[in-house]
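Worksheet for the structure shown next.
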Amino acid sequence: MSSVEFRSVQKRFPVGDGELTALDGISHVVPGDNFAVIVGPSGCGKSTLLHMVAGLEQPSAGEILVGGQPVAGPAPDRAVVFQKFALFPWKTARENIAFGLRNLRVPPAEREATVHHYLELMGLQGFGDRFPHQLSGGMQQRVAIARAYAVRPRVLLMDEPFAALDAQLRVVLQENLVQLWTREGGTVLFITHSVDEAVYLADDLIVMTRRPGRVKRVFDLREVNARLGWRKRPIEDVMQDPDYLNLKAEVWRHIKEELAQ
Amino acid sequence: MNRRVLRALPLGVVPFLALFVLWDLAVVTGWAPESHIPRPWKVISTFFEQLVVPFAGNTLLVDAATSLGRWAGGFAIGAVIAIPLGLVMAWVRPVDYVVSPVFEVLRFIPPLAWVPFAILWFGIGAPASAFVIVTGVLPPILINTYFGARAVPRAFIDAARTLATPAHRMFLEVLMPAALPVIVGGIRLGAGLGWMSLIGSELIAVRSGLGYKIVIGMQTFRPEYVISGMVAIGLIGFAIDVTTRRLEHRMLLRLGQTA
Amino acid sequence: MLLLWQMATAWFGWIKPLFLASPATLWDAFVTSLRESYGGATLPEHVLVSLQEVLAGFVGGVAVGVPLGVAMGWSPTVGRTMSPFFNTVRQVPPLAWVPLAVVWFGIGFAPKAFVIFIAAVVPSTINAFVGVRMVDRDLLNAARVFGAGGWRLVRQAVVPSAAPLIFTGIRLSLQISWTTVVAAELLASSAGLGFMMVNASRNLQPEFIMLSMAMIGLLGALMTQALERLQRRLISWEEPPRE
């Protein structure tokens, strides 16, 4: 799986008579197979950043490289899981997951197998032939995650994927995601404004400033994570762990600074 | 009547019964002249009689078929023009700029107001009627198609783009299914309006069909024919509405957008 | 656009005068008909005839339709009783009532006013019905808690909440009234704007057809504006609709 490199990325929007600078020089490297989480106050531009990696928007200045190559346009190698799921309501769960595979001309037999694999992995066996509106919010998001993973992206982009779910469901899905990622691996770029979520999930935790967005601080959690075996323990345990709580407090302090200005 | 029967009668029947009773009374007591308002029974019997016995040139069934045929033709033409046009206007900006202003002005003219023009241009007969029907059918379908196509949520398009969707698949499997519910709603409205425009046009511009029949009923001062004609018109209009609604529902089910 | 029109008709003869009139001819027709009689009456007289029919039918239709819709929406019994009847009768297009109206009332003011009335009742009723049904339950409960009951509840809580939709219904009734008057007059009139149209089409004078259309459009627009002003005055608390 690939690395993601930001080189002095800027984004400006024309607004009224003037201009709004959403992102002001982001430079960072996310190594391959890293679960990177970007957290920051609302409006800091984190979604915009993700959209640029996805190729849905272009930087005003600077460049973004995935696996050493500049980003051109949207493509399955940078699959996206959207906040509002964006599942096609007229396709069944199965058809949604298969959609990208069909576009990639994957032969039917292999397609079937892949879809089946991910349905099982996400605990959706038996629901493959349901339409999204027949599935709960949590299940819909799982289908969306399956759809993204199925096309074997080099980077998995997740745009506040659990924000539209209720608090209890969020926690369950966070745990699920960690289990999934431990199995399937890969580079993940995950956006959230929940500090809890960020500290739990991240290898690299990137804190952004408020608009115009810049990288404020990067926390490398790989060591803590591995040492305390967070990814192998139930989430409710981890959330009581003193190291977790301390980290959370520190991250939160950074964000609070940004909010207070 | 015993109480059981009374309670079993649905409330909705009451106004009909009341209508019948008052109607009959009005005629019988002479409050309303029988020449102007025939007794209910006479209307009912005339209705059934007309199904097979010609009046004003054709039986009721034949006239109904003629009217339906005209409606179907006008509806088909209107839909075939409106849907592609709406799609093109939604996705190809220049076309939108050209067509929209013209459409905005023309659409406020009620279909029936086009009748004098239609007669002027096509003379009395089927083409005039078809033209009027199309002016009724076209606007709702065009408007709905246009807005349905424009309103496809960005998220679907973005998601499809990240999944390497080729152009033809984008159109067939993403844009069209997303826009279809609204388009079908427009078709339903267009069907109903088309029927109304048809009847209107038949009152003036043609010499057969249900509209023509009730005009003759009026001219020969035979209200029982007028009323039974109106009933036929209402029945068919109702059938059209119910059928298009069912179709709409089925289509939404098939597209997974309703329970 | 105007230029294109003039060119197409008068200057280059792209469109024969028989089919569409040039703006110049239209203007002429307008000016002449102000003074001289066309088809039996001057333009202002025709306008008056149509206007009277519309007002009569429209006001009558709204006066019957709104209370009916409110009653049907508020009382489930009334709703269940009247709905099938209403939905059945409404299947008959207003124009189909014209011949019957002529049989009953002869030719003149009455049949047209009647048909317009029939047409205008429908949108007012439906929208009032929906408006009442969609009133926020919480709002009603709040009103009840603070002592409003029965009639007062309807008048002071239900109707104001439903007011935006009721006004929409009234506006639709207005539109339909103008649409119907044209059609009704095409059939059964010896004066009025619709009659002008028929006359003009018989005499192959497209400029008069367009003139009447323009007048109708104008009057319709003016009345709609007046209605909107009234709505804004009465419902000053309404937020502009979202989306």
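For the protein sequence lines, the chains are A, B and C, in the order given.
Note that numbering that gives the first Met the number 0 has the first sequence beginning at 0, numbered continuously upward.
Note that numbering that gives the first Met the number 0 has the second sequence beginning at 0, numbered continuously upward.
Note that numbering that gives the first Met the number 0 has the third sequence beginning at 0, numbered continuously upward.
Every residue, glycine too, gets a C-beta built ideally from N, C-alpha and C.
Remember, predicted model here, so these are calculated numbers, not experimental data.
What residues from the region 153-167 of chain B come within 7 Å of chain A, judged by C-beta to C-beta, listed N to C?
154, 155, 157, 158, 160, 161, 162, 163, 164 and 165
Neighbourhood of residue 19 of chain B by C-beta, 7 Å cutoff - its chain only, sequence neighbours within 5 removed:
If you number the second sequence from 1, residue 19 of chain B lands on position 20. Cβ neighbours of residue 19 of chain B beyond the five flanking positions: 39.
Residues of chain C with a CB under 7 Å from the CB of residue 214 of chain B: which are they?
Here residue 214 of chain B corresponds to residue number 215 of the second sequence, with the count starting at 1. Within chain C, the residues near residue 214 of chain B are 98.
Taking 8 Å as the cut-off, does the region 151-161 of chain C touch the region 126-133 of chain C (at least 3 CB pairs, one atom from each stretch)?
yes
Within-9 Å CB hit, residue 28 of chain A to chain B:
Translated into the one-based positions of the first sequence, residue 28 of chain A becomes position 29. With 9 Å as the cut-off, residue 28 of chain A does not count as an interface residue toward chain B.
C-beta contact flag for residue 187 of chain B and residue 132 of chain B at 9 Å:
By 1-based counting over the second sequence, the position of residue 187 of chain B is 188. By 1-based counting over the second sequence, the position of residue 132 of chain B is 133. Going by C-beta atoms, residue 187 of chain B is not nearer than 9 Å to residue 132 of chain B.
With H, G and I counted as helix, E and B as strand and the rest as coil, what does DSSP make of residue 90 of chain A?
Taking the first residue of the first sequence as position 1, residue 90 of chain A is located at position 91. If DSSP states are grouped into helix, strand and coil, residue 90 of chain A belongs with coil.
If we count the other Cβ atoms within 10 Å of its Cβ and call it buried at 16 or more, is residue 146 of chain A buried or exposed?
Walking along the first sequence from the start, residue 146 of chain A turns up at place 147. Counting Cβ neighbours within 10 Å, residue 146 of chain A comes out buried, since at least 16 surround it.
For chain A, is any of its Cβ atoms less than 9 Å away from the one on residue 254 of chain B?
Position 255 of the second sequence holds residue 254 of chain B. Yes - at least one Cβ of chain A is within 9 Å of the one on residue 254 of chain B.
Please go through the same chain and pick out, in chain order, the residues whose beta-carbon is closer than 7 Å to the beta-carbon of residue 120 of chain C, but skip the five residues on each side of it.
Translated into the one-based positions of the third sequence, residue 120 of chain C becomes position 121. If we look at residue 120 of chain C and ignore the five residues flanking it on each side, its Cβ neighbours are 60, 63 and 64.
When you compare only the Cα positions, how much space is there between residue 226 of chain A and residue 66 of chain A?
Taking the first sequence and counting its residues from 1, one reaches residue 226 of chain A at position 227. Taking the first sequence and counting its residues from 1, one reaches residue 66 of chain A at position 67. The C-alpha of residue 226 of chain A lies about 29 Å from the C-alpha of residue 66 of chain A.
Under 9 Å between the Cβ atoms of residue 222 of chain C and residue 207 of chain C?
On the third sequence, position 223 is the one that residue 222 of chain C refers to. On the third sequence, position 208 is the one that residue 207 of chain C refers to. Not closer than 9 Å, so no.
Just list the alpha helix (DSSP H) runs in the region 205-232 of chain A, keeping only unbroken ones of 4 residues or longer that don't cross its boundaries, in chain order.
221-227
Examine chain B for any beta-carbon lying closer than 9 Å to the beta-carbon of residue 240 of chain C, and answer yes or no.
Residue 240 of chain C sits at position 241 when you count from the first residue of the third sequence. Model confidence at residue 240 of chain C stands at a pLDDT of 48, short of 50, so the residue's coordinates are unreliable and nothing is read from them.
Counting only Cβ pairs nearer than 7 Å, list the residues of chain C close to residue 124 of chain B.
Within the second sequence, numbered from 1, the residue matching residue 124 of chain B stands at position 125. By Cβ distance, chain C contributes nothing, its closest Cβ being about 14 Å from residue 124 of chain B, past 7 Å.
Residue 57 of chain B bridges to which residues according to DSSP?
Position 58 of the second sequence, counting from 1, holds the residue named residue 57 of chain B. According to DSSP, residue 57 of chain B bridges with B:54.
Interface flag, residue 105 of chain A vs chain B, CB-CB below 9 Å:
Taking the first residue of the first sequence as position 1, residue 105 of chain A is located at position 106. It does not: the Cβ of residue 105 of chain A has no partner Cβ on chain B nearer than 9 Å.
Using 8 Å as the cut-off, can you tell me whether the region 54-61 of chain A makes contact with the region 149-165 of chain A, which would need three or more C-beta pairs spanning the two stretches below that distance?
no
What three-state label does DSSP hand residue 63 of chain C in the structure shown?
Stepping through the third sequence from its first residue, residue 63 of chain C is reached at position 64. DSSP places residue 63 of chain C in helix when its eight states are reduced to three.
Check whether residue 114 of chain B and residue 182 of chain C have beta carbons under 9 Å apart
Position 115 of the second sequence, counted from the first residue, corresponds to residue 114 of chain B. Position 183 of the third sequence, counted from the first residue, corresponds to residue 182 of chain C. A contact, by the Cβ cut-off of 9 Å.
Is there a C-beta anywhere in chain C that falls below 9 Å from the one on residue 68 of chain B?
Along the second sequence, one-based indexing puts residue 68 of chain B at 69. Closer than 9 Å: no.
Below-9 Å beta-carbon distance, residue 35 of chain B vs any chain C residue
The residue you call residue 35 of chain B lines up with position 36 of the second sequence. By this cut-off, residue 35 of chain B is an interface position.
Just the Cα atoms here: how many angstroms apart are residue 1 of chain A and residue 167 of chain C?
Counting from 1 along the first sequence, the entry for residue 1 of chain A is found at position 2. Counting from 1 along the third sequence, the entry for residue 167 of chain C is found at position 168. Distance between the alpha carbons of residue 1 of chain A and residue 167 of chain C: 58 Å.
Taking the alpha-carbon positions, what's the residue 181 of chain B to residue 175 of chain B distance?
Position 182 of the second sequence, counted from the start, is the residue given in the question as residue 181 of chain B. Position 176 of the second sequence, counted from the start, is the residue given in the question as residue 175 of chain B. Going from the Cα of residue 181 of chain B to the Cα of residue 175 of chain B covers about 10 Å.
Decide yes or no for the touch test of the region 113-125 of chain A against the region 133-147 of chain B: beta carbon pairs closer than 8 Å, at least 3 of them.
no
Taking only beta-carbon positions, decide if residue 247 of chain B is within less than 9 Å of chain A.
Mapped onto the second sequence, residue 247 of chain B falls at position 248. False, the Cβ-Cβ gap to chain A never drops below 9 Å.
With a floor of 4 residues, list each alpha helix (DSSP H) that falls wholly inside the region 87-151 of chain B, ordered by position along the chain.
DSSP runs (the alpha helix (DSSP H)) wholly in the region 87-151 of chain B: 92-105, 113-121 and 125-149.
Inter-residue spacing [alpha-carbon to alpha-carbon] between residue 83 of chain A and residue 172 of chain A:
Taking the first residue of the first sequence as 1, we reach residue 83 of chain A at position 84. Taking the first residue of the first sequence as 1, we reach residue 172 of chain A at position 173. It is roughly 15 Å from the alpha-carbon of residue 83 of chain A to the alpha-carbon of residue 172 of chain A.
Under 7 Å by beta carbon: chain A residues contacting residue 61 of chain B:
Within the second sequence, the letter at position 62 stands for residue 61 of chain B. None at all; the shortest Cβ gap to chain A is about 42 Å.
Within 10 angstroms of its Cβ, does residue 200 of chain B collect 16 or more other Cβ (buried), or is it exposed?
Taking the first residue of the second sequence as 1, we reach residue 200 of chain B at position 201. Label assigned to residue 200 of chain B: buried.
Kindly confirm or deny that the region 142-157 of chain B and the region 87-95 of chain B touch, where touching means at least three C-beta pairs closer than 8 Å.
The region 142-157 of chain B vs the region 87-95 of chain B: in contact.
Does the CB of residue 18 of chain B have a neighbour CB from chain C at under 9 Å?
Taking the first residue of the second sequence as 1, we reach residue 18 of chain B at position 19. True, the Cβ-Cβ gap to chain C drops below 9 Å.
Residue 194 of chain C, DSSP secondary structure in three states:
If you number the third sequence from 1, residue 194 of chain C lands on position 195. Judged by DSSP in its simplified three-state form, residue 194 of chain C adopts helix.
Tell me which same chain residues have a C-beta within less than 8 Å of the C-beta of residue 33 of chain C, skipping the five on either side of it?
Taking the first residue of the third sequence as 1, we reach residue 33 of chain C at position 34. Same-chain partners within the cutoff: 41, 42 and 43.
Within this structure, are the beta carbons of residue 113 of chain C and residue 100 of chain C separated by less than 9 Å?
Position 114 of the third sequence, counted from the first residue, corresponds to residue 113 of chain C. Position 101 of the third sequence, counted from the first residue, corresponds to residue 100 of chain C. Yes, the pair counts as a contact, with Cβ atoms nearer than the cut-off.
Note down, in chain order, every chain B residue with its Cβ under 9 Å from the Cβ of residue 208 of chain C.
In the third sequence, residue 208 of chain C corresponds to position 209, counting from 1. Within 9 Å Cβ-Cβ: 112, 115, 116 and 119.
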